[in-house]
Amino acid sequence: MTLVPAALKRRTRAETAIDAAFAAVRADLPGAGRSEAFARFATDGLPHRRIEAYHFTDLHTLVTAAPEPARRPSPEVARATALAAGVDAFAAAGAARFVLVDGWFCPDLSDLAGLGDGVSVSSVGAGLLGGRQLAGRGLDGLGERLADGGAAADPLVALACAFYTDGVVLRVAPGTRMARPLEIRHLASGASVSAHVRHLIVVGDGGAAEVLETHASPDGVEIHAHGLTEATIGAGATLSLVDRQCEGDQAMRFSTLAVAVADDAVLDHTVVTLGARLARTQVFARLGARTQLTSRGATLVRGRAHADATLVVDHVGEDAVSRELYKSAVDDEARSVFQGRIRVDPVAQGTDGRMGAHAVLLSDRAEAMAKPELEIFADDVACAHGATVGALDDALKFYLMSRGIPAAETEKLLIRAFLGEVTDAVASEPVRAVIEADVEAWIDGRERSA
Amino acid sequence: MLEITNLHAEIESEGREILRGLDLVVKPGEIHAIMGPNGAGKSTLSHVLAGKPGYLVTEGTATLDGVDLLGLDPAARAAAGVFLAFQYPVEIPGVGNVTFLKAALNAQRRARGEGEISTPDFMRLLRGAAGRLEISQDMLKRPVNVGFSGGEKKRNEILQMAILQPKLCILDETDSGLDIDALKVVAEGVNGLRSPDRAFVVITHYQRLLDHIVPDFVHVLAKGRIVKSGGPELALELEAKGYADFAEEAA
Chain A
1 MTLVPAALKR RTRAETAIDA AFAAVRADLP GAGRSEAFAR FATDGLPHRR IEAYHFTDLH
61 TLVTAAPEPA RRPSPEVARA TALAAGVDAF AAAGAARFVL VDGWFCPDLS DLAGLGDGVS
121 VSSVGAGLLG GRQLAGRGLD GLGERLADGG AAADPLVALA CAFYTDGVVL RVAPGTRMAR
181 PLEIRHLASG ASVSAHVRHL IVVGDGGAAE VLETHASPDG VEIHAHGLTE ATIGAGATLS
241 LVDRQCEGDQ AMRFSTLAVA VADDAVLDHT VVTLGARLAR TQVFARLGAR TQLTSRGATL
301 VRGRAHADAT LVVDHVGEDA VSRELYKSAV DDEARSVFQG RIRVDPVAQG TDGRMGAHAV
361 LLSDRAEAMA KPELEIFADD VACAHGATVG ALDDALKFYL MSRGIPAAET EKLLIRAFLG
421 EVTDAVASEP VRAVIEADVE AWIDGRERSA
Chain B
1001 MLEITNLHAE IESEGREILR GLDLVVKPGE IHAIMGPNGA GKSTLSHVLA GKPGYLVTEG
1061 TATLDGVDLL GLDPAARAAA GVFLAFQYPV EIPGVGNVTF LKAALNAQRR ARGEGEISTP
1121 DFMRLLRGAA GRLEISQDML KRPVNVGFSG GEKKRNEILQ MAILQPKLCI LDETDSGLDI
1181 DALKVVAEGV NGLRSPDRAF VVITHYQRLL DHIVPDFVHV LAKGRIVKSG GPELALELEA
1241 KGYADFAEEA A
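If you read the protein sequences in the order shown, they are chains A and B.
At position 137 of the first sequence the residue is numbered 137 (the numbering used here), and the sequence of numbers has no breaks.
At position 55 of the second sequence the residue is numbered 1055 (the numbering used here), and the sequence of numbers has no breaks.
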């Protein structure tokens, strides 16, 4: 079978490696649709700046290699990885824990007890194996979300669908509230590998779920971590999703959330981006009638890191409220990118959408790009967007210093205050404490490197 | 306490000289009023003493108890005892008023080699000072100056002064934008801080403030220099005649 269209010429080194990797692992990976997904990727390869959605994040140039797909870690490696990763920050939130190492579920490191009746957690890996015998019942619904909002056409989504090995399947029965949050903890063994994970979250009508995701990897190792989460939030249900990205300084992380929010449902989404040399977080959200979406992001980048948050919010029902607020603190020669598109369908009268993207540049060579867009096809809507990029305000610095607060501490106060609008809005106290500590540690790290 | 000798300063970006050989000596316990027409350099003087960026001192000295202020950054000047009550206090979203006051007080104490204040002691100090200035709990909880009225901002400046206990207080047109009731509250706050070890430089365009904060000396600043000094009666004279004479004298 020819996996790569013959017409393709001039593949980059990374693309050639990805092609070879797929050819090598294809036969070992169960599950349908992989070749079709890979073909969608392979046709155009890594997206470049002339593809509008990737104009500011040219993967064709930024991705120069493609480490081999990770193999399932041995129990010894998994244990050593967990030990090296240290204390789980979300432990204080009382969360159950689903641990993956290099993209593979490690049951021995996980604790899935006490989530309550009506809540089921299983692994995608088990579902894939089961699929050979049971026609994939455990993975019912996987792939359904990708038709929404153009997710299926995205090359990163295509890669995740071609290569995925494992992930979480979380199902919350109608009317059921999870007894404790579920943490999905992604760890990396330290080998330079590519990991591909795919999660499925289904919250039944009137249910409530809370998922906390942490991505961690050691500094100095180029890993490529791909993640795709497909979530369906039933009518009147609530999903709270926190994505905390603390990858190492050479990591590349690509995360996509494709979510459908049914009528009267609520999605509360928080993304904190603290690490990775290259990070792209994508959200494709489809909002039904009277839904509420809050998506907030705090991006803290330094060195030569490049962090991109790209949202596509599709209002397809009446009277939905969406609030997106993304703030970046950009130091050294780092770059932050925000792209947000709110689309309002002709039937989505009464839509109330507000999107803000704000960046503070902490060095002369830092860069921030913001591209908020509104596409409105209904006539009775209230939509607004705003974007700002600038340095810390000199007048504020002088005011604080004139009261005796030294320059370094003044900057710290102002950075914390700038990001506070995002972090303060996280409702769960223990989760907020973790994120505030992350921000604090990043700011302290800035002083040390100065 | 404060000694300013032959101070020349210009706006850095324009190279325009604003202060042109200003001399002033302020002793502990004294209140000096500096009056003068618009553009005389009153606010520039306050900014240069507090260390606001954007000004270039080309000649002269300014010392506080022998410490060369001009060589210090604004935070070090504050720790040395300088306090500027701003004409236009800025709003700082995301920084709580109490957090800010405590951070400022402790930063100054650390810089002076003193220990940090305990939270109960700080809260006692804060409650006392806030009460005297009619500053509500709500104002203390809010971010610094955010959503404050003009009068509330000025009272908040005096509150900071009361907490930080500076040696030298510079009030830059603290009366601007205040109605008579707010002016009285602010003036009482300032008068409550008068002490034999503390000096005030009160910059104002109008005599009105000086009915409430009675100065020991009044100076007329025109074209970047002190052109006349006297007692409180000088303020009344200025109120009656205006600044026209001095503008010409200095020219």
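Quick reminder that beta carbons are idealized off the backbone N, C-alpha and C, glycines included.
- Counting along the chain, HIS1212/B sits inside the alpha helix (DSSP H) bounded by residues 1208 to 1212.
- Here THR238/A is bridged, per DSSP, to ALA208/A, VAL266/A.
- Counting other Cβ atoms within 10 Å of its Cβ, MET1123/B stays below 16 and is therefore classed as exposed.
- A straight-line Cα-Cα distance of about 27 Å links THR1005/B and LEU1193/B.
- In chain order, ALA188, GLY190, ALA191, SER192, GLY248, GLN250, ALA251 place their CB closer than 8 Å to the CB of VAL221/A, counting only its own chain and leaving out the 5 sequence neighbours on each side.
- Within the stretch 408 to 436 of chain A, contact with chain B at the beta-carbon level (separation under 9 Å) is assigned to GLU409, THR410, LEU413, LEU414, ARG416, ALA417, PHE418, LEU419, GLY420, GLU421, ASP424.
- The residues GLU1157, ASP1172, in chain order, have a CB closer than 7 Å to that of PHE1086/B in the same chain once the five nearest residues on each side in sequence are set aside.
- With 16 or more other CB atoms across the displayed protein chains lying within 10 angstroms of its CB, GLU411/A is buried.
- Contact between the stretch 429 to 437 of chain A and the stretch 302 to 311 of chain A is not established, with fewer than three Cβ pairs separated by less than 8 Å.
- Taking one beta carbon from each stretch, the stretch 144 to 160 of chain A and the stretch 39 to 54 of chain A have 3 or more pairs nearer than 8 Å; the two touch.
- Boundaries cannot be given for CYS106/A, as no beta strand (DSSP E) includes it and DSSP labels it neither H nor E.
- For ASP394/A, the nearest beta carbon of chain B is closer than 8 Å to its own beta carbon.
- Minimum Cα-Cα distance from ILE1203/B among the listed residues ARG1132/B, THR1044/B, LYS1141/B, GLU1059/B corresponds to THR1044/B.
- Closest option to LEU1056/B, judged by alpha-carbon separation, among ALA1062/B, THR1063/B, VAL1048/B: VAL1048/B.
- Judged by pairs of C-beta atoms under 8 Å, the stretch 140 to 149 of chain A does not touch the stretch 69 to 88 of chain A, as fewer than three such pairs exist.
- Counting only runs of 3 or more residues that sit fully inside the stretch 120 to 203 of chain A, the beta strand (DSSP E) segments are 168 to 172, 182 to 187, 194 to 203, in chain order.
- Runs of the alpha helix (DSSP H) lying entirely within the stretch 1077 to 1150 of chain B, each at least 4 residues long, are 1097 to 1111, 1119 to 1132, 1137 to 1141 in chain order.
- Taking 8 Å as the cut-off, the beta carbon of HIS226/A is found no closer than this to the beta carbon of HIS269/A.
- The DSSP assignment places 1168 to 1172, 1199 to 1203 as complete runs of the beta strand (DSSP E) inside the stretch 1147 to 1204 of chain B, in order along the chain (cut-off: 3 residues).
- Against GLY1094/B, the close residues of chain A are ALA417, PHE418, GLY420, GLU421, in the order they occur along the chain (beta-carbon pairs closer than 7 Å).
- For GLY404/A, the chain B residues whose Cβ falls inside 8 Å of its Cβ are ALA1075, ALA1078, ALA1079, ALA1104, LEU1105, ALA1107, GLN1108, ALA1111, LEU1164, in order along the chain.
- The beta carbon of GLN1160/B falls within 8 Å of a beta carbon belonging to chain A, placing the residue at that interface.
- Note that the C-beta distance between ALA173/A and GLY118/A is below 8 Å.
- Of all residues in the stretch 1186 to 1206 of chain B, none places a beta-carbon less than 7 Å from a beta-carbon of chain A.
- For the stretch 1051 to 1063 of chain B, residues whose beta-carbon sits nearer than 8 Å to a beta-carbon of chain A comprise GLY1051, LYS1052, PRO1053.
- The alpha helix (DSSP H) runs of length 4 or more contained entirely in the stretch 374 to 414 of chain A are, from start to end of the chain, 394 to 401.
- Distance between ASP314/A and VAL259/A, taken at the CA atoms: about 10 Å.
- Taking 8 Å as the cut-off, the beta carbon of ARG244/A is found closer than this to the beta carbon of GLU213/A.
- Between the alpha carbons of ARG365/A and VAL124/A lies a gap of roughly 43 Å.
- Looking at the DSSP output, HIS1219/B shares a beta bridge with ILE1034/B, SER1229/B.
- At a cut-off of 8 Å between beta-carbon atoms, LEU1221/B makes no contact with chain A.
- Annotation: SER295/A is outside any alpha helix (DSSP H); the continuous beta strand (DSSP E) that includes it extends over 292 to 301.
- With a 10 Å radius around the Cβ and a threshold of 16 neighbouring Cβ atoms, VAL347/A comes out exposed.
- In this structure the stretch 322 to 336 of chain A touches the stretch 288 to 301 of chain A; the number of beta carbon pairs closer than 8 Å is three or more.
- The beta-carbon separation of ARG341/A and GLU318/A, rounded to 20 Å, does not stay under the 8 Å limit for a contact.
- Inter-residue distance for ALA1033/B and SER1176/B is about 15 Å (C-alpha atoms, whole angstroms).
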